[in-house]
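Okay, so here's the structure we're looking at.
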Amino acid sequence: DIQMTQSPSTLSASVGDRVTISCRASQSISSWLAWFQQKPGKAPKLLIYKASSLESGVPSRFSGSGSGTEFTLTISSLQPDDFATYYCQDYSSYSRTFGQGTKVEIK
Amino acid sequence: EVQLVESGGTLVQPGGSLRLSCAASGFTFTTYSMSWVRQAPGRGLEWVAGINADGSKKSYVDSVRGRFTISRDNAKNSLDLHMNSLRAEDTAVYYCARDWGGYERNFDYWGQGTLVTVSS
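Top to bottom, those sequences are chains A and B. The numbering used here applies: residue 2 is where the first sequence begins, and numbers increase by one. The numbering used here applies: residue 66 is where the second sequence begins, and numbers increase by one.
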């Protein structure tokens with residue numbers, strides 16, 4: 002089974018900061034990677050699909066990059082609404098695997 | 066408007082059974098795979114089970130294989146999760162999510178979640 006490892010687990014940042022979250026797959030998943038944002042008590046929201054494609058309606062300050070086993074989610078200028086937990090997810094096979102999550106906190 | 070509405074979550078004793086349902090609307094249900102994803106209190110997201118568009122292929126996470134069964138009724142636009150031999154570690158909010166539909170994305174729509182509590 003493919004394992005997804007995110008880093009860091011927690012990130013403290015200020016409004017306006019550039020934020021980068023990493024995700025590593027235990028084997029190559031090509032570009033079949035998605036990023037989700039989740040706020041407390043809410044369902045996750047799709048931000049990025051196929052590693053770098055921005056979901057409709059998602060602000061352009063979010064971007065994704067990478068392929069194979071190494072992936073990155075970048076928030077170019079952190080906004081108050083962006084404080085949340087972020088998950089990467091592999092969908093290269095019939096099984097789906099999420100990373101353990103990265104919580105973005107206010108510094 | 067795409068809508069996914071889960072139901073069936075409740076308090077159940079260890080070893081018990083439960084059926085969760087998800088009513089789908091606003092899209093062509095028969096062209097999408099569907100999945101159940103759960104989140105234990107204070108924990109991360111865990112994919113539980115998935116089913117392809119015509120129901121011929123089902124996949125499960127190892128921890129539920131043999132205890133849970135995913136199914137769908139394409140005539141009723143509904144998705145079910147039959148849960149047997151429930152354990153305390155199955156306590157979670159269970160989400161229904163729209164999976165692969167051939168547009169390079171998955172999990173683009175989610176339900177609001179239904180809480181399953183396994184406790185005596």
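No residue lacks a Cβ here, since even glycine has one placed at the ideal position from N, Cα and C.
Pull up the distance between the alpha-carbon of A/Gly-102 and that of B/Val-102, whole angstroms please.
In a straight line, the C-alpha of A/Gly-102 is about 15 Å away from that of B/Val-102.
Three-state secondary structure assigned by DSSP to A/Ala-44:
Looking at A/Ala-44 - three-state DSSP - the assignment turns out to be coil, as it is neither helix nor strand.
Considering just the uninterrupted stretch of the beta strand (DSSP E) at B/Arg-84, what are its terminal residues?
Element bounds for B/Arg-84: 83-90.
Cut-off 8 Å between Cβ atoms - residues of its own chain near B/Thr-156, not counting five sequence neighbours on either side
Ala-105, Pro-106, Val-181, Thr-182, Val-183, Ser-184.
Where does B/Phe-94 sit, in a helix, a strand or coil, going by DSSP?
B/Phe-94: helix per DSSP, three-state reduction.
Is A/Gly-102 close to chain B, meaning its C-beta is less than 7 Å from at least one C-beta of that chain?
It does: the Cβ of A/Gly-102 has a partner Cβ on chain B nearer than 7 Å.
List the residues of chain A whose Cβ lies closer than 8 Å to the Cβ of B/Ser-86, in chain order.
In chain order: nothing, as chain A lies at least about 17 Å away.
Report buried or exposed for B/Thr-91, applying the criterion of at least 16 other Cβ atoms within 10 angstroms of its Cβ.
Position check: residue 91 of chain B holds Gly in this sequence, whereas Thr was assumed. By the beta-carbon neighbour count (other beta carbons within 10 angstroms, threshold 16), B/Gly-91 is exposed.
Across the region 131-138 of chain B and the region 160-168 of chain B, are there enough close Cβ pairs to call them in contact, namely three or more that are closer than 8 Å?
Too few Cβ pairs lie closer than 8 Å, so no.
Tell me whether A/Val-105 is buried or exposed, calling it buried when 16 or more other Cβ atoms sit within 10 Å of its Cβ.
The residue in question, A/Val-105, is buried, as its Cβ has 16 or more Cβ neighbours within 10 Å.
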